[in-house]
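*Asks:* Sharing a structure, written as structure tokens. Questions coming.
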Amino acid sequence: MPYVDRQNRICGFLDIEENENSGKFLRRYFILDTKEDNLVWYMDNPQNLPSGSPPVGSIKLTYISKVSDATKLRPKAEFCFVMNAGMRKYFLQANDQQDLV
75 MPYVDRQNRI
85 CGFLDIEENE
95 NSGKFLRRYF
105 ILDTKEDNLV
115 WYMDNPQNLP
125 SGSPPVGSIK
135 LTYISKVSDA
145 TKLRPKAEFC
155 FVMNAGMRKY
165 FLQANDQQDL
175 V
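One rule links them: number in this note's numbering = place in the sequence shown (from 1) + 74.
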């Protein structure tokens, strides 16, 4: 379930297909920071990781050109959506319909 942290960032877990077209989704902790114009993801909540652990990935929000439903592109992945960023498509999967909002 996403939540807003003390720094006014939206945080929570999603599954991401880290290797494009692999069909393998991995659970990651996401932080959407609109002040820093960044979406970053970690192996786990950074509070549970060693101090200074780098993110697994990140995208500048200005690089994201489109976000759309991906149920037709990934029919086996329920609650799936896709972000187009440059030449790459990032497929993400929420736990349920409520987490998509």
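Ideal Cβ placement from N, Cα and C applies to all residues, glycine included. Just so it is clear, the structure is predicted and the values come from calculations on it, not from any experiment.
With H, G and I counted as helix, E and B as strand and the rest as coil, what does DSSP make of ASP89?
*Replies:* It is a strand residue.
*Asks:* Inspect the CB distances between the segment 153–173 and the segment 118–127 and report whether three or more fall short of 8 Å.
*Replies:* Contact fails: fewer than three Cβ-Cβ distances are below 8 Å.
*Asks:* Assuming the contact rule is C-beta atoms closer than 8 Å, ALA151 and PHE99 should be a hit. Round their C-beta distance to whole Å, please.
*Replies:* Between PHE99 and ALA151 the Cβ distance is about 7 Å, and since that is below 8 Å, they are a contact.
*Asks:* Beta-carbon within less than 8 Å of VAL141's beta-carbon, same chain only, minus the 5 sequence neighbours each way: which residues are those?
*Replies:* Correct list, in chain order: PHE155, VAL156, MET157 and ASN158.
*Asks:* Spatial neighbours of GLY160 within its chain, please: CB distance less than 6 Å, with the 5 preceding and 5 following residues excluded, ordered by chain position.
*Replies:* Result list for GLY160: TYR137, in chain order.
*Asks:* CB GLY131 to CB ARG102, shorter than 9 Å?
*Replies:* Taking 9 Å as the Cβ cut-off, GLY131 and ARG102 qualify as a contacting pair.
*Asks:* Please state the DSSP three-state secondary structure of ASN158.
*Replies:* Residue state, collapsed to three classes: strand.
*Asks:* Measure the C-alpha to C-alpha separation of VAL78 and TYR116 and round it to an integer number of angstroms.
*Replies:* Distance between the alpha carbons of VAL78 and TYR116 is about 17 Å.
*Asks:* Pick helix, strand or coil for LEU100, following the three-state DSSP scheme.
*Replies:* Three-state DSSP puts LEU100 in a strand.
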